[in-house]
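Contents: one structure, followed by commentary.
Numbering (the working numbering), first residue to last: 261 to 560.
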């Protein structure tokens with residue numbers, strides 16, 4: 261995205277939501293082109309990113325996980341070839357510029373000048389593909405979609421200056437490491453804090469909660485079993501205990517702490533449910549209190 265347009269998204273963070281909607285409408289229209297079913301829609305999960313590789317510099321862009329086809333209103337999936345990246349780039353660029361004009365951020369003449377550029381400043385990359393049975397590959401891709409502004413392993417501090425090593429050499433300066441004053445490094449990081457209540461990950465189309473809920477209600481009324489495009493039934497729904505175990509695995513992956521692992525190293529399990537208030541009170545009163553540490557007298 262051209263630097264002039266990036267500043268609009270820095271001063272008005274709500275434009276980032278409009279940017280993700282431009283990406284969704286681009287994908288939706290390209291997939292629908294030539295289809296007879298106007299209700300068919302792809303699934304898309306968008307992660308809004310505001311940082312680049314150079315020590316979290318301001319560079320708004322989007323990471324998206326897009327289905328390789330469309331879903332009908334009943335949830336039947338139809339595979340489709342990916343739209344050409346060049347066509348997606350041009351359509352996305354025009355949608356973004358038109359959105360900025362509509363919101364009063366760009367004048368018509370300035371927008372016409374941007375559209376006349378030989379190199380648009382936009383880019384669309386869709387060469388990465390995750391196969392449905394590659395669970396580890398899908399997980400790696402999803403982790404990358406929502407990665408944080410900096411990697412702590414690349415950040416060093418010598419007591420005076422903070423240095424950050426990028427993933428690649430800068431194409432203009434030829435430098436790999438950015439060295440900044442610590443306060444300037446903190447200021448760069450703080451500019452990526454989203455406004456309160458602002459969602460950085462959004463679901464569209466067949467992956468949106470509203471669409472999935474409507475499809476589930478339709479199946480419940482008809483009594484039908486959800487099926488894939490080849491007619492095979494989907495996997496059975498997880499039970500409540502299984503869902504809890506899955507959440508425990510997710511917590512362990514994110515925080516690198518297993519919530520079901522005891523301090524002694526054993527895996528915790530349910531032994532009994534205690535509902536009697538008297539017994540609960542007795543157990544809590546018996547719980548050993550932490551020992552008070554001895555402190556040196558004041559002035560010693």
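Positions of the beta carbon are idealized from the N, C-alpha and C atoms, including for glycine. Predicted, not measured: the structure shown is a model, and the values here were computed from it.
Listed in chain order, the beta strand (DSSP E) elements of length 3 or more contained wholly in the region 367-445 are 415-417, 422-425, 437-440. With 16 or more other Cβ atoms from the protein chains shown falling within 10 Å of its own Cβ, residue 284 counts as buried. Contact check between the region 343-359 and the region 271-284: three or more CB pairs, one atom from each, fall below 8 Å, which counts as touching. In the DSSP assignment, residue 309 falls within the unbroken beta strand (DSSP E) covering 303-311. Between residue 421 and residue 394, the C-beta spacing is not below 8 Å. Contact between residue 303 and residue 465 holds, since their C-beta atoms are separated by about 5 Å, short of 8 Å. Linking residue 261 to residue 467 through their CA atoms gives a straight-line distance of about 27 Å.
The continuous alpha helix (DSSP H) containing residue 280 extends over residues 275-292. Check the Cα spacing between residue 449 and each of 271, 310, 299, 269: the tightest is with 310. In the structure shown, residue 467 falls within a coil segment according to DSSP collapsed to helix, strand and coil. Separation of the CB atoms of residue 268 and residue 276 is rounded to 10 Å, and the pair is thereby denied contact status at 8 Å.
Residue environment: residue 528 is assigned as exposed (fewer than 16 neighbouring CB atoms within 10 Å of its CB, all protein chains considered). Here residue 398 has 390 as same chain residues with Cβ atoms under 7 Å from its own Cβ, once five neighbours each way along the sequence are excluded. With respect to the C-alpha of residue 307, the residue from 320, 480, 316, 517 having the closest C-alpha is 320. For residue 297, the closest C-alpha among the options 332, 288, 286, 428 is that of 332. The beta-carbon distance between residue 360 and residue 265, rounded to whole angstroms, is 7 Å. This is short enough to meet the 8 Å contact definition. According to DSSP, residue 318 shares a beta bridge with 311.
Going by DSSP, residue 346 is part of the alpha helix (DSSP H) stretching over 345-362. Contact between residue 348 and residue 384 holds: CB atoms are separated by about 5 Å, below the 8 Å threshold. Within 10 angstroms of the beta-carbon of residue 373 lie fewer than 16 other beta-carbons, which makes it exposed.
Within its own chain, the residues whose Cβ lies closer than 7 Å to the Cβ of residue 405, once the five positions on either side in sequence are excluded, are 307, 323, 325, listed in chain order. When secondary structure is reduced to three states using DSSP, residue 329 falls in the strand class. If you draw a straight line from the Cα of residue 364 to the Cα of residue 351, it comes to about 20 Å.
Each residue's CA atom was taken as its position, placing residue 317 and residue 530 some 48 Å apart. For residue 336, the closest C-alpha among the options 313, 300, 315, 537 is that of 300. One thing to note: residue 273 has its Cβ no nearer than 8 Å to the Cβ of residue 537.
Here residue 533 carries a coil assignment [DSSP, helix/strand/coil].
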